[in-house]
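Just so you know, we're using our numbering here: the sequence shown kicks off at 163 and counts up by one.
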Amino acid sequence: MAWSKIILTILCSGLTLPVFSWGFYVHRLINRYAVFLLPPEMLVLYKPHIDFLSEHAVDPDKRRYILPLEGARHYIDIDRYGAAPYPLLPRDWKEAVARYSEDTLQAYGIVPWWIEIMVRRLTAAFKERNQARILKLSAEIGHYISDAHVPLHASSNHNGQLTNQQGIHGLWESRGPELLAEKEWDFLVGKADYIKNTSQYAWSRVLESATAADSVLTLERKLTDRFPADQKYAFENRNGMIIKQYSSRYAIMYDQALNNMAERRFRQSVYATASYWYTAWVNAGQPDLSTLSLAGFSDAETKEFEELNTLWSQERIKGRSCD
Ligand SMILES: [Zn+2]
């Protein structure tokens, strides 16, 4: 194998690549399983479009390579604002801008505020009875809500780069789940609930994530200390390419050390996604979803989906994305 190929494959292992969110695989699962938590009045629309909702769960990550502003919507380095529960950081956007400036907020990530913008847009789409927009925004809000549940999305040490633990981001959110989800995880989550205060709810999830980030980092360091160094990584075949990644045994032991945290956050993400969809629908006056207008996507929207895929594929070829 040429060295260039080896280097590319090592990059694609997520060990050194900047990583952004639950892996594509988990994002798709979250949106898919969230559909089953909805009441019959919503299932009439969401169930026939479950493949769309699942597939487009990853659009916001694809867009990161194209739109510079997109990145900040997926995380918040909340530890930049002091110590938990971060009393100095206003939860209200305008107050936060007044205190820290918009540039600072954008630099440290805006996920809880962005979820609120998406809630307003989705509620408006329900009021307009615009099917195409409801589906697009539902798929995307599921992404941001799920990212808010990832502990390292609420930490400035998002890939262990400050503590010599590079690659931990992908270990927690992709490698472990890909090994365990279908074999071990419980996908029965219950039913969607109405969220009285969507902003407060998002902030609560972010604060949980920030608290959990400490265990995510500390327990990985402890496991590395007691795990045979020559068995921590393995070369495995992935889609016909040999890649270096955390060994299965290491990833599974890490999950056990965290007491199945990834599964718990996954289940909470499914529940929250369905509950946000449900809440936006209720707040829009529970429109009848069996008789919506604008059922198909416009030519412009279809073109936008195609362009997003084309540009993202080009980045993939360049080795900047490996999903
Ligand atoms: Zn993301």
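Where a beta carbon is used, it is the ideal one built from N, C-alpha and C, also for glycine.
On the DSSP letters alone, give me the boundaries of the beta strand (DSSP E) that Arg253 sits inside. Locating residue 253 in the sequence shown gives position 91, counting from the first residue. First-last for Arg253: undefined, no H or E at that position.
What first and last residue would you give for the alpha helix (DSSP H) that runs through Lys298? Against the sequence shown, residue 298 aligns to sequence position 136. It spans 293-310 - the alpha helix (DSSP H) in which Lys298 sits, taken as one unbroken run.
Helix, strand or coil at Asp459 [DSSP, three-state]: In the sequence shown, the residue the question calls residue 459 occupies position 297. In the sequence as displayed, the identity of residue 459 is Phe instead of Asp. Phe459: coil per DSSP, three-state reduction.
Could you tell me whether the Cβ atoms of Val368 and Pro247 are closer together than 8 angstroms? Translated into the one-based positions of the sequence shown, residue 368 becomes position 206. Translated into the one-based positions of the sequence shown, residue 247 becomes position 85. Their beta carbons are not under 8 angstroms apart, which means Val368 does not touch Pro247 by this criterion.
What do you reckon, is the C-beta of Asp223 under 7 angstroms from a heavy atom of ligand 1? Taking the sequence shown and counting its residues from 1, the one referred to as residue 223 is at position 61. Within the cutoff, so yes.
Consult DSSP for Tyr395 and reduce its assignment to one of helix, strand or coil. Start at 1 with the first residue of the sequence shown, and residue 395 comes out as number 233. Three-state DSSP puts Tyr395 in a strand.
Just to check my reading of the structure: Leu299 and Arg283 have Cβ atoms closer than 8 angstroms, yes? What is that Cβ distance to the nearest angstrom? Here residue 299 refers to the residue found at position 137 when the sequence shown is read from its first residue. Here residue 283 refers to the residue found at position 121 when the sequence shown is read from its first residue. So it is a contact: roughly 5 angstroms between Cβ atoms.
Name the residue from Ser366, Tyr187, His189, Pro202 whose alpha carbon lies nearest to the alpha carbon of Tyr440. The residue you call residue 440 lines up with position 278 of the sequence shown. Taking only the C-alpha atoms, the option nearest Tyr440 is Pro202.
Ligand 1 and Asp309: does any heavy atom of the ligand fall closer than 7 angstroms to the residue's C-beta? Here residue 309 refers to the residue found at position 147 of the sequence shown. Yes; taking the cut-off as 7 angstroms, the Cβ of Asp309 has a heavy atom of ligand 1 nearer than that.
Classify Trp474 as buried or exposed, calling it buried when 16 or more other Cβ atoms lie within 10 Å of its own Cβ. On the sequence shown, residue 474 is found 312 positions in, with the first residue counted as 1. By the C-beta density criterion, Trp474 is buried, having at least 16 other C-beta atoms within 10 angstroms.
By how many angstroms is the C-alpha of Phe389 removed from the C-alpha of Ile212? The residue labelled residue 212 in the question sits at position 50 within the sequence shown. The residue labelled residue 389 in the question sits at position 227 within the sequence shown. Looking at the two C-alpha atoms, the distance is approximately 41 angstroms.
Using a C-beta cutoff of 8 angstroms, does Val220 count as contacting chain C? In the structure shown, chain C cannot be found, because there is only a single protein chain.
With respect to 7 angstroms, is the separation between the Cβ of His218 and the closest non-hydrogen atom of ligand 1 below this value? Reading the sequence shown from its first residue, position 56 is the one you call residue 218. Flag unset: Cβ of His218 not near ligand 1.
Rounded to whole angstroms, what's the CA-CA distance from Ile414 to Glu340? Just pull it up for me. Position 252 of the sequence shown, counting from 1, holds the residue named residue 414. Position 178 of the sequence shown, counting from 1, holds the residue named residue 340. One C-alpha to the other measures close to 11 angstroms.
Note down, in chain order, each residue of its chain lying with its Cβ closer than 8 angstroms to the Cβ of Ile192, except the 5 sequence neighbours on either side. What you label residue 192 is simply residue 30 of the sequence shown in a count that begins at 1. Hits under 8 angstroms: Trp184, Ala219, Gly304, Ser308, Phe428, Ser431, Val432, Thr435.
Short Cβ contact (8 angstroms threshold) for Tyr187 with Glu477: Here the question's residue 187 lines up with position 25 in the sequence shown. Here the question's residue 477 lines up with position 315 in the sequence shown. No, Cβ-Cβ distance for Tyr187 and Glu477 is not below 8 angstroms.
Got a sec, what are the start and stop residues for the beta strand (DSSP E) Gln407 sits in? Here residue 407 is taken as the residue at index 245 of the sequence shown, counted from 1. Gln407 -> beta strand (DSSP E) spans 403-408.
Is His320 close to ligand 1? I mean its beta-carbon at under 7 angstroms from any heavy atom of the ligand. Residue mapping note: residue 320 aligns to position 158 of the sequence shown, counting from 1. Every heavy atom of ligand 1 is 7 angstroms or more from the Cβ of His320, so no.
May I ask you to verify whether the region 381-388 touches the region 321-339, counting CB pairs closer than 8 angstroms and requiring at least 3? Contact between the region 381-388 and the region 321-339 is established, with three or more Cβ pairs separated by less than 8 angstroms.
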